[in-house]
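Chemist: I have a structure I would like to understand better, so I am pasting it below and will then ask my questions one at a time.
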Amino acid sequence: MKKLSYQRIYESEECLSPLGKIRHRALFGGYSLSVDDTVFAMVAEGELYLRVCEESATYHVTHPPTLLTLSKRGRRVSLNYYRVDDDLWLNRPLLLQLSKQSLGEALQEKRRRRGTGRLKDLPNISFQLEMLLHESGVKDPQTLRALGSATVWFRLRRLRKDLNVSVLFALEGAILGLHAAAIPHQRRQHLQEWAEMLTQEKRG
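Heads up: the sequence shown at position 40 corresponds to 40 in full-length UniProt numbering, and the numbers run straight through without jumps.
Written as structure tokens, this is what we have:
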């Protein structure tokens with residue numbers, strides 16, 4: 001079954017390549033397919049499933065969806081993804097169009113969550129860091145952006161003196177929407193120098 005899933009993944013990557021670079025990773029006993037870290041499809045037991053979206057409603061009027069069901073913590077859970085049947089595989093232009101719609105709605109939801117959602121939805125922010133941010137008075141992405149990474153890191157250091165510069169980079173990346181390692185070199189160097197100066201002053 002794993003071999004069948006990998007065959008379907010490679011077939012999907014080839015067919016849907018116009019959407020961008022498609023990556024896959026293991027998830028809930030199946031595999032997620034994503035473009036720019038935005039999941040829009042799943043592969044399970046050798047079948048491709050697309051994320052259900054409003055734009056695909058017209059298609060589902062004549063093609064009732066078969067939803068993806070996976071085992072999660074010993075329970076069967078239905079996910080909001082519908083199976084791509086043999087007829088749809090034969091209609092590659094329509095398959096690409098429906099996949100584009102699924103990706104488009106996933107991207108829109110991601111933007112909405114980044115604008116008004118939880119801190120944990122931002123890059124680099126773990127659940128533990130989110131809790132520490134809440135403790136420091138930073139409870140949402142807007143506050144984080146308004147204060148800036150340096151001010152927020154300074155607040156966090158008052159609570160946890162062992163926090164190193166990697167947390168500062170994580171905060172800056174979260175504000176920019178980037179992985180910490182992708183922060184521009186000049187900005188990264190500036191933050192590094194500022195953090196070193198601050199910690200030296202504290203020691204002095």
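Just so you know, even glycine gets a beta-carbon here, dropped at the ideal spot from N, CA and C.
Where does residue 78 fall in DSSP's three states?
Modeler: strand
Chemist: In the DSSP assignment, the beta strand (DSSP E) including residue 88 goes from what residue to what residue?
Modeler: Where residue 88 is concerned, there is no enclosing beta strand (DSSP E), although the alpha helix (DSSP H) it sits in stretches over 86 to 90.
Chemist: Within 10 angstroms of its Cβ, does residue 127 collect 16 or more other Cβ (buried), or is it exposed?
Modeler: Label assigned to residue 127: exposed.
Chemist: Starting from residue 34, follow its DSSP beta bridges and name the residues at the other end.
Modeler: In DSSP, residue 34 forms a bridge with 23, 39.
Chemist: From the DSSP output, read off the bridge partner residues of residue 49.
Modeler: 42, 83
Chemist: If you run the structure through DSSP and keep just helix, strand and coil, what is residue 69?
Modeler: Correct three-state label for residue 69: strand.
Chemist: Answer yes if the region 132 to 152 comes into contact with the region 89 to 98, meaning at least three C-beta pairs across the two stretches below 8 Å, and no otherwise.
Modeler: By the Cβ criterion, the region 89 to 98 is not in contact with the region 132 to 152, since fewer than three pairs of Cβ atoms, one from each stretch, lie closer than 8 Å.
Chemist: Closest by CA to residue 8, which one among 40, 109, 49?
Modeler: Minimum Cα distance to residue 8 is reached at 49.
Chemist: Applying the 10 Å Cβ sphere with the 16-neighbour rule, what's the burial state of residue 174?
Modeler: buried
Chemist: Going by CA-CA distance only, name the one from 176, 172, 177 that's closest to residue 192.
Modeler: 172
Chemist: From residue 211 to residue 39, what distance separates their C-alpha atoms?
Modeler: Only positions 1 to 204 of the chain appear in the structure, and residue 211 is not among them; the question remains open.
Chemist: Taking all protein chains shown into account, decide if residue 29 is buried (16 or more other Cβ within 10 angstroms of its Cβ) or exposed.
Modeler: exposed
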